[in-house]
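J.: Submitted below is the structure of interest, expressed as structure tokens.
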Amino acid sequence: MTKTELKRVCVKPFDKDRFEVVLDYVFVLPSFKGLIPKGFKTDGASIPRIFWSFYPPYRSEYFSACVIHDYLCEKANSRKDYKLADQVLKEAMSVLGCSKFKCFIFYHACNTFHFLKYIFKSITRS
1 MTKTELKRVC VKPFDKDRFE VVLDYVFVLP SFKGLIPKGF KTDGASIPRI FWSFYPPYRS
61 EYFSACVIHD YLCEKANSRK DYKLADQVLK EAMSVLGCSK FKCFIFYHAC NTFHFLKYIF
121 KSITRS
């Protein structure tokens, strides 16, 4: 069985704390594949500043996974789409060699945020 590898995304600074993808980024994971077009803008990992000393938002270890996640979240139209984006983040981080603990933290932080976002959205619609 071949080990899955994930190329790193190529970005340039766009604005304060934001980056722009400079080449189309094709990614292939065991359960998902996709393309992020040149010009997509991202902030890396959307981590509250208080946690940046532990998990910097631009750390190359997981930056490509975060760009994929940002793209999938931008395209998401339903709770199911956000759940898929969170699962892809976890898988991409694992492929990039992040620890199981770090994958766990990122996945559950994102999944909890998206869950609460949908609860809040449904309450405000009522």
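Each residue of the sequence shown is one higher than the one before, starting from 1 at the first, in UniProt numbering. Built from N, CA and C at the ideal position, the CB exists for glycine as well.
Should residue 142 and residue 110 be called a contact, given that it needs their Cβ atoms to be closer than 8 Å?
T.: What the structure shows of the chain is the stretch from 1 to 126, and residue 142 is not part of that stretch, so it cannot be assessed.
J.: Per DSSP, what are the beta-bridge partners of residue 20 in this structure?
T.: By one-based count along the sequence shown, residue 20 stands at place 20. Partner(s): 12, 41.
J.: Would the segment 80-89 count as touching the segment 47-57 if we require 3 or more Cβ pairs under 8 Å?
T.: Verdict: no, contact absent.
J.: On the CB-based measure, 16 or more other CB atoms within 10 Å of its CB, does residue 100 come out buried or exposed?
T.: The residue you call residue 100 lines up with position 100 of the sequence shown. Exposed, by the Cβ-count rule.
J.: Determine which residues share a DSSP beta bridge with residue 34 and list them.
T.: Here the question's residue 34 lines up with position 34 in the sequence shown. Note: residue 34 sits in a beta bridge opposite 27.
J.: For residue 75, I'd like the list of residues in its chain whose CB is within less than 8 Å of its CB, leaving aside the five on either flank, ordered along the chain.
T.: As a first step, residue 75 is located in the sequence shown; it is residue number 75 there, counting from the start. Hits under 8 Å: 81.
J.: Taking DSSP as the reference, what is the three-state secondary structure of residue 106?
T.: The residue labelled residue 106 in the question sits at position 106 within the sequence shown. In this structure, residue 106 counts as helix in the three-state DSSP scheme.
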